[in-house]
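Numbering (the working numbering), first residue to last: 4 to 546. Just so you know, even glycine gets a beta-carbon here, dropped at the ideal spot from N, CA and C.
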């Protein structure tokens, strides 16, 4: 596979400050939104931002900026950009960087660093940390620090190439703060041309032969297939093969499609489905434990893996054929090599598996079925859920709320951070203002980033923020009880959420039943600002 990239010839240079060189380079790379907070050390960047058409979204915490940029990137398909100041500010964003890395989301984190001519470490410079670059390098996919103003445009191009030329990962760019006001003659570096790799013909032929001979093929689709929705559908229909997705793959195939088994590979029936499938095509998924709760999938089946990342080819399972390349191109190539048509009885089998998985989902998410039905009634095919790591999301919405497009279920898989849903909804709504975006959170998780209600209000975003409140960390409460431990340190004295929302510039309302949620969400979608909808639930419906 070739993933070579190359830049076109750079234009003649002009005199710029470091801050201006950075902003001009971002503009050249198509950046039109930046999330962040100004600080003493990044003011030259903000001076340059203020003179451009780039929209700046002012969050209330750098972690919120990171999650918002993540949501923006997932929905737009373009890298998100975060600008912070030094030290504690960029470290505040580190959890968001880790989440982006885990879920393969391209987000560029930019921060000033200690001056080039800083006399020594540990002498109390404002915002000084021991090794800021090394701290971020341990979290992101690519990190670099420039040492001259002239390097800044090239560094931006290199960061974008690193984020987009293969498996998407976050990047970190550090600019010594004394370079931001310093002027030098700089030439902008245009974006590198992306050349997505394609598997070799022999591997494609081998995969096609396996599928031609398959009796019971199965597609497992992850977030890496988000840009290949049409190809996934055509591939599945040609084989008449059922499709099940991970959380990040939810909606790649519309969940009302006859071949869709929905999202959630952790259900007990999926273990039976995998065992009954003789050839499995895994597209853009790590087959990771965070998705497969019951352990790695069985090696009894023949597995074909399609992934843009060669290092993922044997992650969690060894495939019979590894196809390293862009999901859309690879699926199209394998499809072109098929000679045996799909069998009609596979569609009947898909319907049977769908019924069994529906039973699993309803049993597991019984406490949230009314909530999911109420949300579904308020939404259309464009709907997008920004979910938190809450039981209402992974037991409820993941498998019981049908979605119809890729990039429609933003969920913090892998790292599993709390506080993701609200700021991710902000980024999602900015990326797709015409879509209906709903944030779905628990009462514990929302408090991690509740200040971003003010950011959403300031941006004038019509986002329903649904808080499912049982007064505690319900998942941890249940795990303590399951272990036979004394249940403690999990009950929360929550604020008056509706009043808190109003104090931050939002609308706020409290409802006592999911039956009232449809009307509340519909009103919120047509409001001129965010609406917090506080839903009280019983202790048994823990979130």
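Alpha carbon to alpha carbon, how far is residue j from residue i? Give it in angstroms, no decimals.
i, j, result
"residue 243", "residue 424", "35 Å"
"residue 128", "residue 485", "49 Å"
"residue 101", "residue 355", "39 Å"
"residue 35", "residue 57", "5 Å"
"residue 393", "residue 539", "15 Å"
"residue 204", "residue 341", "13 Å"
"residue 479", "residue 79", "34 Å"
"residue 428", "residue 464", "10 Å"
"residue 208", "residue 294", "30 Å"
"residue 23", "residue 324", "48 Å"
"residue 461", "residue 271", "45 Å"
"residue 227", "residue 202", "16 Å"
"residue 343", "residue 206", "18 Å"
"residue 59", "residue 250", "30 Å"
"residue 432", "residue 369", "30 Å"
"residue 11", "residue 173", "Low per-residue confidence applies at residue 11: pLDDT is 43, beneath 50, and the placement is therefore not dependable, though the value from the model is reported in the following sentence. So the alpha carbons of these two residues sit roughly 24 Å apart."
"residue 223", "residue 388", "21 Å"
"residue 518", "residue 131", "52 Å"
What does a CB cutoff of less than 8 Å around residue i pick up in its chain, not counting 5 residues either side in sequence?
i, result
"residue 13", "Since pLDDT at residue 13 reaches only 46, below the 50 mark, its modelled position is unreliable, and no value is offered."
"residue 345", "240, 241, 242, 243 and 244"
"residue 361", "265"
"residue 262", "239, 240, 243, 244, 245, 246, 256, 350 and 353"
"residue 383", "439"
"residue 475", "446, 447, 493, 494, 495 and 545"
"residue 380", "521"
"residue 514", "520, 523, 536, 537, 538 and 539"
"residue 510", "504, 527, 530, 532, 533, 534 and 535"
"residue 152", "19, 20, 21, 24, 182, 185, 186, 187 and 189"
Which residue wins for smallest C-alpha separation from residue i, given the options the options?
i, options, result
"residue 40", "19, 26 and 62", "62"
"residue 491", "498, 482 and 343", "482"
"residue 114", "105, 176, 528 and 475", "176"
"residue 309", "235, 413 and 263", "235"
"residue 107", "24, 388, 77 and 432", "77"
"residue 197", "220, 225 and 164", "164"
"residue 66", "110, 407, 303 and 49", "110"
"residue 385", "411, 528 and 121", "411"
"residue 32", "158, 152 and 48", "158"
"residue 307", "284, 38, 365 and 81", "284"
"residue 150", "451, 421, 86 and 21", "21"
"residue 317", "287, 82 and 499", "287"
"residue 237", "331, 477 and 369", "331"
"residue 364", "378, 377, 405 and 389", "405"
"residue 161", "152, 180 and 195", "195"
"residue 214", "282, 174 and 185", "282"
"residue 178", "146, 172, 167 and 166", "146"
"residue 273", "253, 248 and 166", "248"
Within its chain, find whatever has a CB closer than 7 Å to the CB of residue i; leave out the 5 residues flanking it on each side and keep chain order.
i, result
"residue 312", "169 and 170"
"residue 211", "337, 340 and 341"
"residue 280", "219, 220, 221 and 304"
"residue 507", "456, 457 and 460"
"residue 48", "22, 25, 26, 86 and 183"
"residue 50", "22"
Within 10 angstroms of its Cβ, does residue i collect 16 or more other Cβ (buried), or is it exposed?
i, result
"residue 348", "exposed"
"residue 403", "buried"
"residue 367", "buried"
"residue 82", "buried"
"residue 357", "buried"
"residue 216", "exposed"
"residue 167", "buried"
Among residues of its own chain, excluding the 5 on either side of residue i, which ones have a beta-carbon nearer than 6 Å to its beta-carbon?
i, result
"residue 415", "102, 392 and 423"
"residue 135", "116"
"residue 19", "189"
"residue 527", "467 and 534"
"residue 105", "417 and 418"
"residue 421", "392, 448 and 451"
"residue 37", "57, 59, 84 and 86"
"residue 16", "188, 189 and 190"
If you measure from the beta carbon of residue i to each beta carbon in chain C, is any gap under 9 Å?
i, result
"residue 518", "Absence of chain C from the displayed structure is noted, only one protein chain being present."
(Q) Across the segment 224-233 and the segment 323-339, are there enough close Cβ pairs to call them in contact, namely three or more that are closer than 8 Å? (A) With a cut-off of 8 Å, the segment 323-339 and the segment 224-233 count as touching, because enough Cβ pairs lie within range.
(Q) For the segment 464-478 against the segment 428-448, do three or more pairs of beta-carbon atoms, one drawn from each stretch, fall closer than 8 Å, so that the two count as touching? (A) Counting Cβ pairs under 8 Å, three or more are found: they touch.
Q. Contact between the segment 428-441 and the segment 42-52: three or more CB pairs below 8 Å?
A. Below 8 Å, too few C-beta pairs join the segment 428-441 and the segment 42-52 to call them touching: fewer than three.
**Q.** the segment 135-148 touching the segment 80-99, judged by at least three CB pairs closer than 8 Å
**A.** Yes: at least three Cβ pairs fall under 8 Å.
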